[in-house]
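If you're matching them up, the sequences are chains E and X in order. Position 160 of the first sequence, counting from 1, maps to 160 under the working numbering, and the rest follow consecutively. Position 130 of the second sequence, counting from 1, maps to 130 under the working numbering, and the rest follow consecutively. Notes follow the structure.
Protein chains: 2
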Amino acid sequence: MRAQRPNSREKILAAAADVARESGPGSLSLDAVANRAGVSKGGLLYNFPTKAKLMQGLVEGYLRDFEQALETAGSNDKDKNPLAVYIRLSAEDCEEKQPSASWIFSAIAEDPDFMTPIKTFKRQLFERLKGEAPDLKSLLVCYLAIEGLRSMNLFDSDVLSKDERDLLVSSLLDIAQ
Amino acid sequence: MRAQRPNSREKILAAAADVARESGPGSLSLDAVANRAGVSKGGLLYNFPTKAKLMQGLVEGYLRDFEQALETAGSNDKDKNPLAVYIRLSAEDCEEKQPSASWIFSAIAEDPDFMTPIKTFKRQLFERLKGEAPDLKSLLVCYLAIEGLRSMNLFDSDVLSKDERDLLVSSLLDIAQ
DNA sequence: CTTACTGTACCGTCTGGACGGTCTTGTCAA
DNA sequence: TTGACAAGACCGTCCAGACGGTACAGTAAG
C-alpha cells in the first residue's frame, strides 16, 4: 500500500548505511547513495525529498527494528527477566563485526538533533528496566556495561577478545540474576 | 622553543572544540574556527597547514591531557589500585555537562582513521589494567561500565540522574575492591 | 491517466586551500 | 644606540571543486 515498488526505499536505506560504513560518515553524499542503490539521483529524491528525510528514515528504521527484536526476544526467551533479555540481545548485536548503526555518525554530522529520537527511546527503555528490576545497583552496572559494549562496537575498537566478551556477558547475566 | 607566540595554537584548538560542540560536528569549517579563535584564516592555516593537521592536533592534545591526568591522579590518590583510579578519574570527567571530546565526531566525519591513535591508546590502557587487576571479571565489568558512562557523556544522553551516577560509581569501586 | 521512476542539465552555496602581501620580533654589524 | 635585514606570525582575497537540491523531459508498467 505504501508504494508499488517499495523495496526501493529499503534498498536506498541499506545503500546509505553501506556508504556511510565504507566511505566514512563524512562522505555520505546523495550521489554516492544513489549510485550504490542502483537508483538515479532523481529516483532517490523521489523517495526521500531531502537528505534530512533520508537520515530520518535511517533512524526510524533502526528504532523500529530494535523494538521489534526486543519484543520477539522477550517472548521467545524463557528467562522472563527483561534485563537479562536486553543483555543477551545487545551482546548478540555486538557480535557483528560490522556495526549496524555506523550511519549514526553521518546523522550526527548532518544535524545532532537526529539523536533525539534515539535518546528518548533509550530513556524510555531504561525507565522500563528500572521499573522491573529488583536491584537498582545491578541494573546500573549491567545497563552501563552494555552501553559500553555498544559504544565499542560502534567505534569498532576491538579491545576485547571473544573470550573476554563472553566472560563479560556471563558476568553481567550473573549480576542481573 | 616551539614557537614565539605559542598560545595561538592552543587558542585555535580550543576554538575548534567549541565550534564542534556548539555548531555541530558537521559545521566545523576552517572559517568558523578562525573566527572563533580571533585569527584570520591565513593565520589558522599557518599554524595547521591542513584541516587534517588540525584534527590531529585535537587528538594529540586530548591523549596527552588524558595521560597526564591519569599519571597525576595515580600519584596523588592514596588508593593504589589503578582500576579504582581510572574509575574515579573517568567519573570526574563525565561530571562535566559539556563533553570534553565532542569534537571526536567531527574528526570521524572528516576521516575515520583519526580514531586509530585513540583506539591504540585505549587498548594499551586496557592491557595495563589487565596486568595489574586481580580479577578479570571485575575488570571487564568495571571497564565496560566506564566506557558506557563515557559514551553517554559523549552523546550527552542524560539518562542517569546524579544520584544514579554516584550510586553506579560507588558500586563499581566496590566491585573493583 | 497515474505511479514510479530515469537521465540530464543546471543553480547557488559552501569549503578547503593556495597565494601574495603585511606586521612584528629578534639579530647583529657599525 | 641605531639601523638594516631576515625570519616568523599572521591577514585578506580569490578560486576550483563538491555538494544539496531543482527542473524537466522521457518512459515503462498497471
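Heads up, the beta-carbon is just placed ideally off N, CA and C, and yes, glycines get one too. Note that the coordinates shown come from a computational prediction; the quantities given were computed from them, not determined experimentally.
- Against residue 111(E), the close residues of chain X are 24, in the order they occur along the chain (beta-carbon pairs closer than 7 Å).
- From the beta-carbon of residue 51(E), no residue of chain X is found nearer than 9 Å; the closest lies around 11 Å away.
- When C-beta atoms of the region 106–115 of chain E are compared with those of the region 87–96 of chain E, fewer than three pairs fall below 8 Å, so the two segments do not count as touching.
- For residue 62(E), the closest alpha carbon among the candidates 102(E), 28(E), 160(E) is that of 102(E).
- The beta-carbon of residue 140(E) is placed less than 9 Å from the nearest beta-carbon of chain X.
- Under the DSSP assignment, residue 30(E) falls in the alpha helix (DSSP H) whose first and last residues are 30–37.
- Within chain E, the residues whose beta carbon sits less than 7 Å from that of residue 152(X) are 147, listed in sequence order.
- Under the 8 Å Cβ criterion, the region 119–126 of chain E counts as touching the region 155–162 of chain X, having at least three qualifying pairs.
- Between residue 51(E) and residue 30(E), the alpha-carbon positions lie close to 7 Å from each other.
- With a threshold of 9 Å between beta carbons, residue 87(X) makes no contact with chain E.
- Taking C-alpha positions only, residue 148(E) is separated from residue 39(X) by approximately 39 Å.
- Within chain X, no C-beta atom comes less than 8 Å from the C-beta of residue 162(E); the nearest is roughly 13 Å away.
- For residue 92(X), the closest C-alpha among the options 69(X), 114(X), 78(X) is that of 69(X).
- Unbroken alpha helix (DSSP H) runs of no fewer than 4 residues, entirely contained in the region 119–165 of chain X, are found at 136–154, following chain order.
- Closest in alpha carbon position to residue 118(X), among 81(X), 59(X), 34(X), is 59(X).
- Of all alpha-carbon atoms in 130(X), 126(X), 133(X), 165(X), the one lying nearest the alpha-carbon of residue 144(E) is that of 165(X).
- By the neighbour-count criterion, in which a residue is buried when 16 or more other Cβ atoms sit within 10 angstroms of its Cβ, residue 76(E) is exposed.
- Put simply, the backbone Cα of residue 114(X) is about 15 Å away from that of residue 28(X).
- Around the beta-carbon of residue 110(X), 16 or more other beta-carbon atoms lie within 10 Å, marking it buried.
- Apart from the 5 residues on each side of it in sequence, residue 47(X) sits with its Cβ closer than 7 Å to the Cβ of 8, 9, 12 in its chain, given in chain order.
- No Cβ of chain E is located within less than 9 Å of the beta carbon of residue 54(X).
- With distances taken between CA atoms, residue 112(X) lies nearest to 154(E) out of 170(E), 154(E), 44(E).
- For residue 36(X), none of the residues of chain E pass the 9 Å Cβ criterion, the least Cβ distance being about 18 Å.
- Spanning the alpha carbons of residue 94(E) and residue 146(E) requires a straight line of approximately 10 Å.
- Here residue 134(X) is exposed: its Cβ has fewer than 16 other Cβ atoms, across all protein chains shown, within 10 Å.
- In this structure, 167(X) is the residue among 129(X), 116(X), 137(X), 167(X) with its C-alpha nearest to the C-alpha of residue 137(E).
- The alpha helix (DSSP H) runs lying completely inside the region 35–74 of chain E and spanning 4 residues or more are 41–47, given in chain order.
- The CB of residue 48(X) never comes closer than 9 Å to any CB in chain E; the least such distance is about 18 Å.
- Remark: C-beta atoms of residue 99(X) and residue 21(X) approach each other more closely than 9 Å.
- DSSP places residue 7(E) inside the alpha helix (DSSP H), whose first and last residues are 7–23.
- With respect to residue 171(X), residue 140(E) sits close: the two C-beta atoms are nearer than 9 Å.
- Residue 126(X) has a beta carbon lying within less than 9 Å of a beta carbon in chain E.
- In terms of beta-carbon proximity, residue 66(X) stays away from the interface with chain E, with every pair separated by 9 Å or more.
- The closest CA to that of residue 17(E), considering only 55(E), 42(E), 80(E), is found on 55(E).
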